[in-house]
Amino acid sequence: SVNPMTYEAQFFGFTPQTCMLRIYIAFQDYLFEVMQAVEQVLVKKLDGVSNCDISPIQIRKCTEKFLGFMKGRFDSLFGKMEQLFLQLILHIPPNILLPEDKFQELHSYSEEQFQLLKEEIEQLQEKYKTELCAKQALLAELEEQSVVQARLRQTLTLFDELINVGRHHGTSDFRESLVSLVQNSRKLQDLRGHIEREGA
Amino acid sequence: FDEIIVDIAMKRKQYPRKILEYVINTIKTKQE
Amino acid sequence: PVSRVKLLDTMVDTFLQKLVAAGSFQRFTDCYKRFYQLQPDVTQRVHDKFITQLQTSIWEEITEIKQEGNMEAVLNALDQIVEEGKGRTEPAWRPSGVPEEDLRSTIVPYFLQQRDTLRRRVQRQEVENQQLAEAVLARRRQVEQLQLQVQARQQAWQALYREQRELVAVLRE
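Here the protein sequences line up with chains A, B and C, keeping their order.
Quick note: the first sequence uses the numbering used here, first residue 1, plus one each step.
Quick note: the second sequence uses the numbering used here, first residue 1001, plus one each step.
Quick note: the third sequence uses the numbering used here, first residue 2001, plus one each step.
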């Protein structure tokens, strides 16, 4: 079973195994290249030796023998190094959380809780709208009340002015003066009536 | 397989942040 | 703790030492026996060169890998993260494989923030509306008062008006 090391890939941006494969292939290429260079040098050296009975084929066989051994050791050593790399270097310990996931530990919310939270937000939004409407209505009523109060005060002022007018023309209390006027006129009427009877 | 792993891992790394940007913008717009 | 970069160098160094040990001169001459018998000095020099070149190539590769992916900085950053998290022992969270589920926790803090902001706003608005409502009620009372006053004045004037009418009637007579 392959451990995809996805969490490590999330951190490194590549899978550790790929990284190791890349290193393995590079190292192996170098081993082959160096071996090839060794063989070329040896063959070239042989060219310079007169009546030499070692053929390039024989050199090639020697190279294959040495490389075969080296490759075996290389794979074994690299395998061990790879294990150590994957365990100690390109590895995120199980108790470690990457910074971008720090929320996961702070808020582990179930689906139900999440739904509840969203519903609560919806309700709060509605409630807020309602409150804002209430505010508008209250402000509107205050505005209206100001107008009504002004109108009523205006009416009261009107009445006051009427009284003032009355007062301005010598009648201190308009109502009293009107009453006294009515009484005086009744007296006049009685007086006139009396005079007329006397005259008759 | 390797590409799939890296692709998923990169999405896990980047998408939450991107989605979060949209969520935050949505919340802000709603509030405005 | 040993830094990951140091560990890496140590492991590659160990790997190389063992590989070089495997490619010892003894084994080299075993394989190239006849050439060695023919030209021992050349064999020695070629073997030395082989070892040197192998080591140089491998270290160059490691250096390149370190530079290419900015590996040193990445490994040092991982060292830092591990150091900061060493206090905890239980296994940490890992992606569940259900994106919606994992995303929820990322989003929740912002939803909680939104909820708290809304709560505060609603609360503030409720208080403000409470004050406004009281103001409206007070004004209603004031308006009622004024209406009563106006009504009283109006009735007074109407009474006056009636009396005036009587007066006029009287005077006319």
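The beta-carbon is built from N, C-alpha and C at its ideal position, and this holds for glycine as well.
Answer yes or no: does any C-beta atom of chain C fall closer than 8 Å to that of residue i?
i, result
"Val1033/B", "Since the first and last residues shown for chain B are 1001 and 1032, residue 1033/B lies out of range."
"Thr15/A", "no"
"Lys65/A", "yes"
"Glu196/A", "no"
"Thr155/A", "yes"
Are the C-beta atoms of residue i and some chain A residue less than 8 Å apart?
i, result
"Lys1013/B", "yes"
"Arg2115/C", "yes"
"Gln2155/C", "no"
"Ser2057/C", "yes"
"Arg2004/C", "yes"
"Ala2022/C", "yes"
"Lys2066/C", "no"
"Glu2163/C", "yes"
Tell me the DSSP secondary structure of residue i in three-state form.
i, result
"Val2002/C", "coil"
"Asp53/A", "coil"
"Ile2058/C", "helix"
"Thr157/A", "helix"
"Arg2094/C", "coil"
"Gly68/A", "helix"
"Leu97/A", "coil"
"Leu42/A", "helix"
"Gln1972/C", "Lying outside 2001 to 2173, the shown extent of chain C, residue 1972/C is not represented and no answer is given."
"His194/A", "helix"
"Leu90/A", "coil"
"Phe2050/C", "helix"
Tell me whether residue i is buried or exposed, calling it buried when 16 or more other Cβ atoms sit within 10 Å of its Cβ.
i, result
"Ser180/A", "exposed"
"Ser2096/C", "exposed"
"Asn184/A", "exposed"
"Glu2058/C", "Checking the sequence, you will find Ile at residue 2058/C rather than Glu. Result: buried."
"Ala9/A", "buried"
"Asn1025/B", "exposed"
"Glu39/A", "buried"
"Cys133/A", "exposed"
"Val2098/C", "exposed"
Does residue i have its Cβ less than 8 Å from a Cβ in chain B?
i, result
"Ala137/A", "no"
"Thr130/A", "no"
"Tyr2032/C", "no"
Chain-ordered residues of the stretch 2079-2108 of chain C with a beta carbon less than 8 Å from chain B:
Pro2095, Pro2099, Asp2102, Leu2103, Thr2106 and Ile2107
Chain C contacts from the stretch 37-48 of chain A (Cβ-Cβ distance under 9 Å)
Ala37, Val38, Val41, Leu42, Lys45 and Leu46
May I ask you to list, following chain order, the residues of the stretch 2114-2135 of chain C that have a beta carbon less than 7 Å from some beta carbon of chain A?
Gln2114, Arg2115, Leu2118, Arg2119, Arg2121, Val2122, Gln2125, Glu2126, Glu2128, Asn2129, Leu2132, Ala2133 and Ala2135
The stretch 2034-2062 of chain C: positions lying closer than 7 Å to chain A by Cβ
Arg2034, Phe2035, Leu2038, Gln2039, Val2042, Val2046, Phe2050, Gln2053, Leu2054, Ser2057, Ile2058 and Glu2061
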